[in-house]
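Those letters in the sequence shown? Residues 16 to 148, per my numbering, in order.
Using N, Cα and C, we set each Cβ at its ideal position, and we do this for glycine too.
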Amino acid sequence: QANESTCTACGGGRYSSATGASGSETCQACRASTNSSATGASSANVCTPCTAGYSSAEAASTCSACDGGKYADEGSNTCKICSAGKWATAGSGSCTSCGTGKYSAATSASAESTCSSCAGGRYSSATGATASE
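In structure tokens:
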């Protein structure tokens, strides 16, 4: 009678529904934008979507936080750059617009401090402005 401990488990980010498998090639990768820390998983159901602000490549055991100046929707496999007039801290699910009276021409801004106040004699009535009017 075989000892189950002699069977090697598929690693995190992978699963296999095959029985009697003789090699790691039966371990299938969780798709990009999902992750699983479980080892020895037998179903793709263990592959869960990355939360907003995080992304993953294929076969990931964890999702990685987006860098500052970038964001990701839930279940995303890439972090996207914040456009001018917006900013985001690391791990953000969306970019935040510069407030009224402020603007920023910078893309990938990672802090509100990149939003500059309009100089005297100028204004910006919109949020997310890229230049003062």
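### Inter-residue CB distance, Ala-103 and Ser-125 (contact presumed, cutoff 8 angstroms)
7 angstroms
### Message
If you reduce the DSSP assignment to three classes, tell me which class Asn-50 lands in.
### Response
strand
### Task
Return the Cβ separation of Tyr-86 and Ser-57 in integer angstroms, given the expectation that the two are a contact with Cβ distance under 8 angstroms.
About 34 angstroms; that fails the 8 angstroms criterion.
### Query
In chain order, what residues of the same chain lie with their CB nearer than 8 angstroms to the CB of Glu-89, ignoring the 5 residues before and after it?
Pro-64, Cys-65, Thr-66, Ala-67 and Gly-108
### Query
So, are the CB atoms of Asp-145 and Ala-120 less than 7 angstroms apart?
The question names Asp, but residue 145 in the sequence shown is Thr. Yes, these two residues count as a Cβ contact at 7 angstroms.
### Message
Once the 5 residues before and after Lys-117 are set aside, which same chain residues still bring their CB inside 8 angstroms of it?
### Response
Cys-130, Ser-131, Ser-132, Cys-133, Ser-139 and Ala-144
### Candidates Gly-38, Ser-70 and Cys-25, of which the one nearest Asn-50 by Cα
Ser-70
### Message
Quick check on DSSP: helix, strand or coil for Ala-59?
### Response
helix
### Task
Could you please give me the residues that DSSP links to Ala-124 through a beta bridge?
Trp-102
### Message
For Thr-23 and Cys-78, I'd like the C-alpha separation in whole angstroms.
### Response
24 angstroms
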